[in-house]
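Single-structure report; data block below.
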Amino acid sequence: MAEDNPKKVVLVVDDAPANIQVLSAILKQQYKVKAATSGEKALKIASSDNPPDIILLDILMPEMDGFEVCRQLKASGATRAIPVVFVTGADTAEDKEKGLALGAVDFLTKPVDPDQVHTCISQVLS
Numbered sequence: 038m039a040e041d042n043p044k045k046v047v048l049v050v051d052d053a054p055a056n057i058q059v060l061s062a063i064l065k066q067q068y069k070v071k072a073a074t075s076g077e078k079a080l081k082i083a084s085s086d087n088p089p090d091i092i093l094l095d096i097l098m099p100e101m102d103g104f105e106v107c108r109q110l111k112a113s114g115a116t117r118a119i120p121v122v123f124v125t126g127a128d129t130a131e132d133k134e135k136g137l138a139l140g141a142v143d144f145l146t147k148p149v150d151p152d153q154v155h156t157c158i159s160q161v162l163s
């Protein structure tokens, strides 16, 4: 039986599996959660036939940081419209300014507050 109102898809991108698990636990009741442990994997999932409705993106990752992932997402017509929310432990004005300039819609600070995560996502997707 098909659902009349399918769950929105949230892509959680973080190189630390523990952080992905925390966000997945917070989100799994309301959303379908996909996960990527690298920027490269995130870009593949985002440009797939079933792209996410929103991306929660860590900034500090090896090889390709969150800023570069966001830049590439916003440079591609196929992924430009997917909202990006940075989730970071480095909550500095400089990071926020850079992230917003690259096209992010919001920032969440680690450790994440479940209510703040839900509020942020529902506001972005409404």
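Quick note on my numbering: the sequence shown kicks off at 38 and runs consecutively.
By construction, the Cβ of each residue, glycine as well, lies at the ideal position given by its N, Cα and C atoms.
As the structure is a computational prediction, the values presented were derived from the model and not from experiment.
1. So what does DSSP say about threonine 74, is it helix, strand or coil?
2. For the beta strand (DSSP E) that threonine 125 lies in, which residues bound it at each end?
3. Buried or exposed, going by whether 16 or more other CB atoms sit within 10 Å of the CB of glycine 126?
4. Please determine, among Leu145, Gln160 and Gly136, the residue with the shortest C-alpha to C-alpha distance to asparagine 56.
5. Put aspartate 152 into one of helix, strand or coil per three-state DSSP.
6. Output the boundary residues of the alpha helix (DSSP H) element that contains aspartate 132.
Answer, in terms of the structure:
1. In the structure shown, threonine 74 sits in coil (DSSP, three-state: anything other than H, G, I, E or B).
2. Threonine 125 -> beta strand (DSSP E) spans 121-125.
3. Residue environment: glycine 126 is assigned as exposed (fewer than 16 neighbouring CB atoms within 10 Å of its CB, all protein chains considered).
4. Checked all of Leu145, Gln160 and Gly136; the closest Cα to asparagine 56 is Leu145.
5. The three-state reading of DSSP puts aspartate 152 in helix, counting H, G and I together.
6. Looking at the DSSP string, the run of the alpha helix (DSSP H) that includes aspartate 132 is 130-139.
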